[in-house]
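A.B. asks: Residue numbers (our numbering): 5 to 147. This is the structure I want to talk about, given as C-alpha cells.
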C-alpha cells in the first residue's frame, strides 16, 4: 500500500464536500444535505472498519452489497477514506470497479439534482421543508 493513498483519498473527499457546499449553499436544505453525506460517510467508514476487523478474526463479514449500497447512497467519501485507512478492499476486483461506479452514480445523481432545471420543483419543495424544520427547531430552543 502506498503511503500517498490516504492523503489523496482525504483530499478527494474534501474537494467533493466543498463542491457540494458550493452547489447547494443557496438553499435552506444545504446543512441537512451536508449532514446527511457526513453521517453516511461516517457510517460507511465504520462499516469498512468493522468488516476489516471481522475478516482478521474470521467472523461474520459485512456483505459487499451493503458496503456498495452505503457508498451509492452518499457515503462514498467515507468508503474512499476507509479503504487505505484500514488497508481493506483496495485491490480486490470486481469490488474496486463497482466501488468507482457507485462513486460516479452517487455524484452524478446528486449533481443532477442540484443543477438540472427539471429538478427545480423538488429543490424548492425540499427548501420549504428545511425552512419549516429550521423554524420548528428555533421555536423549540427558544421556549
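The C-beta atom is built at its ideal place from N, Cα and C for all residues, glycine as well. The structure displayed is predicted, hence computed values, not measured ones.
(1) Here's the rule I'm using: 16 or more other beta-carbon atoms within 10 Å means buried, otherwise exposed. How should residue 28 be labelled?
(2) Count the other C-beta atoms from every protein chain shown that fall within 10 angstroms of the C-beta of residue 70, then say buried if there are 16 or more, exposed otherwise.
(3) In chain order, what are the residue ranges of uninterrupted alpha helix (DSSP H) at least 4 long that sit wholly in the segment 80 to 147?
(4) Is residue 31 helix, strand or coil when you go by DSSP?
(5) Between which residues of its own chain and residue 135 is the CB-CB distance below 8 Å, once the five residues before and five after are set aside?
(6) Is the segment 97 to 107 in contact with the segment 74 to 88, if contact means three or more CB pairs nearer than 8 Å?
(7) Can you say whether residue 73 is buried or exposed, counting buried as having 16 or more other CB atoms within 10 angstroms of its CB?
(8) Buried or exposed, going by whether 16 or more other CB atoms sit within 10 Å of the CB of residue 123?
C.D. replies: Walking through what the data contain:
(1) buried
(2) exposed
(3) 80 to 90, 99 to 119 and 124 to 146
(4) If DSSP states are grouped into helix, strand and coil, residue 31 belongs with coil.
(5) 32
(6) Here the segment 97 to 107 makes contact with the segment 74 to 88; the two share three or more CB pairs at distances below 8 Å.
(7) Exposed: under 16 other Cβ atoms inside 10 Å.
(8) Residue 123 is exposed by the Cβ-count criterion.
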